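Q: In terms of my numbering, the sequence shown opens at residue 18 and continues consecutively.
Glycine included, every Cβ here is placed at the ideal spot set by N, Cα and C.
Quick caveat: nothing in here was measured; it's all calculated off a predicted structure.
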Amino acid sequence: FKPYHKFSKFPVTFRDRQGKIWNPKDESVAEGNVMVPLREALARSMNNVTVRLLPELAGAPGTNKLWELDPAARKIKDMASNLGIDMSKTPAYPSIALGTAEVSLLELTSAYTTFANKGVHIEPIAITRIEDRQGNILKEFYPDYTKEVISPETAYIITDMLRGVIRGGEDFYGTGVRLRNVYGIRQDVAGKTGTTNNASDNWFVGMMPHVVMGAWVGGNDLKIRFNQNISYSIGQGARSALPIVGTFINYATADEDAYWKYDAFEPPPGFVMPEDPEKTQNELVRDKDKGKIGW
């Protein structure tokens with residue numbers, strides 16, 4: 018699938034062998050067209066579209082049989098594991114597609130680093146080098162484990178889609194738009210918001226070409242919840258975790274030694290973003306002028 022492929026924004030229902038229904042869905046159906054491109058669905062956190070991808074990933078398009086989604090769940094579990102997330106205690110159920118696995122902030126940030134690192138996952142280390150007071154390097158440390166998990170081309174496509182969370186698109190705003198509108202960040206940033214059921218965990222991961230940042234807001238006691246029933250509630254990643262990353266980016270990039278602050282994500286050599294065949298030539302020219310193809 019390419020970023021421009023479209024899926025219905027409405028929920029879909031599955032049944033298990035006993036007839037029990039599994040009907041995951043967004044709190045409300047998003048405004049806009051019925052058929053939504055994957056790029057927009059990711060930027061707007063549309064779970065209904067995510068669920069509709071499961072039959073395709075399982076090799077059973079159009080199925081409403083829950084057990085036929087198991088191959089997709091196993092693929093998702095394997096990919097998450099390859100990205101550095103401990104999946105040993107997470108069963109391969111279809112709900113895994115919606116983020117049911119418990120993860121640490123380090124694991125999640127490490128996983129996103131794979132996208133920024135052109136598809137190569139690197140085991141996190143706490144210390145990279147030790148210097149004396151004159152700046153002489155006494156010892157350097159390197160990760161024990163690196164692995165290409167996805168191709169550089171796939172990593173760049175995902176990164177470009179995650180840019181949409183911040184930038185939005187032609188007719189929509191991404192869930193991370195406040196990074197620009199409120200915090201005034203104009204650097205090349207990609208990212209993703211996250212909110213668990215009942216707003217017990219709020220997440221935001223921000224990616225720049227040389228640094229990946231993550232924030233989690235929640236409580237070790239799983240009974241802690243954020244209020245979501247008031248206007249401008251902090252019970253979502255965009256309003257509680259994102260501000261932490263936004264503040265950090267502004268602080269870090271204000272440093273005169275931050276040589277990397279205006280660097281942009283670069284596509285692999287010779288790579289061209291897949292074009293939407295339904296777009297007219299004029300639309301494609303317009304998108305290219307904006308620096309994006311199929312944006």
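Let me know the secondary structure DSSP gives residue 225 once reduced to three states.
A: Translated into the one-based positions of the sequence shown, residue 225 becomes position 208. Of the three classes helix, strand and coil, the one that applies to residue 225 here is strand, per DSSP.
Q: Which residues mark the beginning and the end of the beta strand (DSSP E) in which residue 166 is found?
A: By one-based count along the sequence shown, residue 166 stands at place 149. Here residue 166 belongs to no beta strand (DSSP E), and DSSP marks it neither H nor E.
Q: Using the three-state DSSP reduction, which class does residue 25 fall into: helix, strand or coil?
A: Along the sequence shown, one-based indexing puts residue 25 at 8. DSSP places residue 25 in strand when its eight states are reduced to three.
Q: Find the nearest neighbour of residue 114 within the set 42, 52, 25, judged by alpha-carbon distance.
A: Translated into the one-based positions of the sequence shown, residue 114 becomes position 97. Answer by Cα proximity: 42.
Q: Quick check on residue 220: does DSSP put it in helix, strand or coil?
A: Along the sequence shown, read from residue 1 onward, the residue named residue 220 stands at position 203. DSSP places residue 220 in strand when its eight states are reduced to three.
Q: If the criterion is Cβ atoms closer than 8 angstroms, does the pair residue 262 and residue 130 meet it?
A: Start at 1 with the first residue of the sequence shown, and residue 262 comes out as number 245. Start at 1 with the first residue of the sequence shown, and residue 130 comes out as number 113. No, Cβ-Cβ distance for residue 262 and residue 130 is not below 8 angstroms.
Q: Using the three-state DSSP reduction, which class does residue 124 fall into: helix, strand or coil?
A: Position 107 of the sequence shown, counted from the first residue, corresponds to residue 124. Looking at residue 124 - three-state DSSP - the assignment turns out to be helix.
Q: Assign residue 264 to one of three DSSP states: helix, strand, or coil.
A: As a first step, residue 264 is located in the sequence shown; it is residue number 247 there, counting from the start. Residue 264 falls in the helix class under three-state DSSP.
Q: Taking 7 angstroms as the limit between beta carbons, can you name the residues of its chain near residue 136, skipping five residues before and five after?
A: The residue you call residue 136 lines up with position 119 of the sequence shown. Contacts found: 165, 166, 167, 168, 169, 171, 172.
Q: The beta strand (DSSP E) spanning residue 207 covers which residue range?
A: In the sequence shown, residue 207 corresponds to position 190, counting from 1. 207-212 is the span of the beta strand (DSSP E), which, as asked, contains residue 207.
Q: Can you pull the DSSP bridge partners for residue 148?
A: Locating residue 148 in the sequence shown gives position 131, where the first residue counts as 1. Its beta-bridge partners are 154.
Q: By a C-beta neighbour count over all protein chains shown, 10 Å radius and 16 as the cutoff for buried, is residue 288 buried or exposed?
A: As a working mapping, residue 288 is identified with position 271 in the sequence shown. It counts as exposed.
Q: Please list, in chain order, all residues of the same chain as residue 280 whose beta carbon is under 6 angstroms from its beta carbon, the five residues on each side excluded.
A: Here residue 280 corresponds to residue number 263 of the sequence shown, with the count starting at 1. Cβ within range, chain order: 226.
Q: Starting from residue 241, trace the alpha helix (DSSP H) both ways and give me its first and last residue.
A: Stepping through the sequence shown from its first residue, residue 241 is reached at position 224. Segment: none, residue 241 is in no alpha helix (DSSP H) and carries neither H nor E.
Q: In chain order, what residues of the same chain have a beta carbon less than 8 angstroms from the beta carbon of residue 186, not counting five sequence neighbours either side?
A: On the sequence shown, residue 186 is found 169 positions in, with the first residue counted as 1. The residues are 56, 57, 60, 312.
Q: From this set, 196, 290, 71, 27, which residue's C-alpha is nearest residue 94's C-alpha?
A: Numbered from 1 along the sequence shown, position 77 holds the residue referred to as residue 94. Per the Cα distances, 71.
Q: What is the residue span of the alpha helix (DSSP H) that residue 51 lies within?
A: Counting from 1 along the sequence shown, the entry for residue 51 is found at position 34. Where residue 51 is concerned, there is no enclosing alpha helix (DSSP H), given that its DSSP letter is neither H nor E.
Q: Indicate the three-state DSSP secondary structure (helix, strand or coil) for residue 75 in the structure shown.
A: Taking the first residue of the sequence shown as position 1, residue 75 is located at position 58. Reduced to three states, the DSSP call for residue 75 is helix.
Q: DSSP state of residue 310, grouped into three classes?
A: Working through the sequence shown from its first residue, we reach residue 310 at position 293. Note that residue 310 scores 35 on pLDDT, short of 50, meaning its location in the model is unreliable; the coordinates nonetheless yield the value given after this. In this structure, residue 310 counts as coil in the three-state DSSP scheme.
Q: Pair every Cβ in the stretch 103-110 with every Cβ in the stretch 63-78, then say whether three or more of these pairs are closer than 8 angstroms.
A: The stretch 103-110 vs the stretch 63-78: no contact.
Q: What whole-angstrom Cβ distance do residue 259 and residue 213 have, given they're in contact under 8 angstroms?
A: Within the sequence shown, numbered from 1, the residue matching residue 259 stands at position 242. Within the sequence shown, numbered from 1, the residue matching residue 213 stands at position 196. So it is not a contact: roughly 15 angstroms between Cβ atoms.
Q: Please classify residue 306: is it buried, with 16 or more other beta-carbons within 10 angstroms of its beta-carbon, or exposed?
A: Within the sequence shown, residue 306 is the residue found at index 289, counting from 1. The predicted model places residue 306 with a pLDDT of 45, which falls under 50 and marks its position as unreliable; any figure quoted below should be read in that light. That one is exposed.
Q: According to DSSP, simplified to helix, strand and coil, what is residue 269?
A: Taking the first residue of the sequence shown as 1, we reach residue 269 at position 252. Three-state result, residue 269: helix.
Q: Any idea which residues DSSP pairs residue 231 with across the strands?
A: Counted from its first residue, the sequence shown places residue 231 at position 214. 222, per the DSSP bridge assignment.
Q: Between which two residues does the alpha helix (DSSP H) containing residue 93 stretch?
A: Numbered from its first residue, the sequence shown carries residue 93 at position 76. Run containing residue 93: 87-99, per the alpha helix (DSSP H) assignment.
Q: Quick one, which of 256, 218, 222, 174 has its alpha-carbon nearest residue 239's?
A: By one-based count along the sequence shown, residue 239 stands at place 222. Ranking 256, 218, 222, 174 by Cα distance to residue 239 puts 218 first.
Q: For residue 39, which of helix, strand or coil comes out of DSSP?
A: In the sequence shown, the residue the question calls residue 39 occupies position 22. Three-state result, residue 39: strand.
Q: Would you give the residue range spanned by the alpha helix (DSSP H) that residue 57 belongs to?
A: Taking the first residue of the sequence shown as position 1, residue 57 is located at position 40. Segment 55-60, the alpha helix (DSSP H) holding residue 57.
Q: Beta-carbon within less than 8 angstroms of residue 267's beta-carbon, same chain only, minus the 5 sequence neighbours each way: which residues are those?
A: Along the sequence shown, read from residue 1 onward, the residue named residue 267 stands at position 250. So the list reads 200, 201, 202, once near-sequence residues are dropped.
Q: In terms of alpha-carbon separation, which member of 191, 19, 81, 47 lies closest to residue 40?
A: In the sequence shown, counting from the first residue as 1, residue 40 sits at position 23. Here the closest residue by C-alpha is 81.
Q: Decide if residue 158 is buried, meaning its Cβ has at least 16 other Cβ atoms within 10 Å, or exposed.
A: Here residue 158 is taken as the residue at index 141 of the sequence shown, counted from 1. Residue 158 should be labelled exposed.
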